[in-house]
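Going by our numbering, the first residue of the sequence shown is number 24, and it counts up by one from there.
Glycine residues also receive a C-beta, built at the ideal position from the N, C-alpha and C atoms.
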Amino acid sequence: MRTITKQYPDLKDEQLIERCKRGDSQAQHVLYNRYADRLFRLCFRYVKNELDAEDVLVKGFMKVFSKIDLFEYRGKGSLEGWMKRVMINECLMLLRKQNNFNLVHDSEARLVETEARADSQLAAEDIYALVLQLPTGYRTVFNLYAIEGYSHKEIADQLGISENTSKSQLSKARAALRTLLAKNGIYDER
């Protein structure tokens with residue numbers, strides 16, 4: 024591993040892509056190491072299970088390496104953006120396959136609970152943990168819309184739901200997050 028990073032210490036993404044397109048396994052290893060942590064956190068935000076997130080990450084990278092010839096570099100951030108889309112699609116395929124993508128009803132959403140914290144400040148990790156507590160349907164739509172920037176039409180197409188269902192799930196996700204924030208003393212529901 025050290026020889027790989029010494030051999031390719033400061034390759035820019037564009038150079039790394041070109042080497043990956045030529046089938047350079049060391050360049051693939053460097054690319055994986057450069058982005059795996061960030062992309063794992065992305066996968067975990069959707070599937071909420073470490074083993075499933077690791078599985079999705081590996082399948083996603085296999086797809087990245089097999090399709091890298093089709094990728095066109097368009098400047099800084101384009102590679103990461105493309106890989107995020109690949110990973111999100113893999114997450115959504117797993118959620119659909121597991122029948123785990125359930126658009127929940129209000130009664131099920133009330134089961135979302137969290138421990139109240141003594142302090143009134145939440146770190147980003149704490150808010151992330153609150154998002155993970157959302158039911159699968161709420162969490163998936165919230166992640167796609169609020170974090171990834173998908174439109175309701177794109178979400179509807181990806182998940183096989185109507186645009187109105189996407190809007191409804193987002194609204195319910197936000198309400199559930201407000202409730203969780205209120206329980207933590209961060210948000211006044213009045």
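Closest by C-alpha distance to residue i, when choosing among the options
i	options	result
Tyr161	Glu171, Asn56, Leu200 and Glu95	Leu200
Gln121	Leu155, Lys190 and Tyr69	Tyr69
Ala152	Phe67, Ile40 and Leu39	Phe67
Leu118	Asn72, Gly172 and Leu203	Asn72
Lys190	Leu203, Lys176 and Thr202	Lys176
Ser48	Thr163, Ser89 and Leu203	Ser89
Glu41	Asp180, Ser194, Phe94 and Ala179	Phe94
Met116	Gln38, Asp36, Asp78 and Gly46	Asp78
Lys107	Asp92, Asp60 and Thr202	Asp60
Phe84	Gln181, Arg57 and Leu182	Arg57
Gln181	Glu37, Cys114 and His52	Cys114
Gln38	Ala169, Arg64, Lys99 and Ile150	Lys99
Cys43	Val87, Arg64 and Gly183	Val87
As assigned by DSSP and simplified to three states, the class of residue i
i	result
Leu157	coil
Glu171	coil
Glu73	helix
Asp33	coil
Ser191	helix
Arg45	coil
Gly83	helix
Lys176	helix
C-alpha gap between residue i and residue j, whole angstroms
i	j	result
Phe165	Met110	16 angstroms
Leu134	Leu74	Reliability of the predicted coordinates at Leu134 is poor, the pLDDT of 43 falling under 50, and no value is obtained from them.
Glu148	Val154	10 angstroms
Gln192	Tyr55	34 angstroms
Arg97	Glu103	11 angstroms
Gly159	Ala196	In the sequence as presented, Gly is not what sits at residue 159; that position holds Thr. Roughly 10 angstroms between the two C-alpha positions.
Ala231	Tyr173	Residue 231 lies beyond the stretch modelled for the chain, which goes from 24 to 213, so this question has no answer here.
Lys206	Ser194	19 angstroms
Glu186	His52	40 angstroms
Thr188	Thr202	21 angstroms
Leu82	Ala169	First, the amino acid is wrong: residue 82 is Lys here, not Leu. Looking at the two C-alpha atoms, the distance is approximately 25 angstroms.
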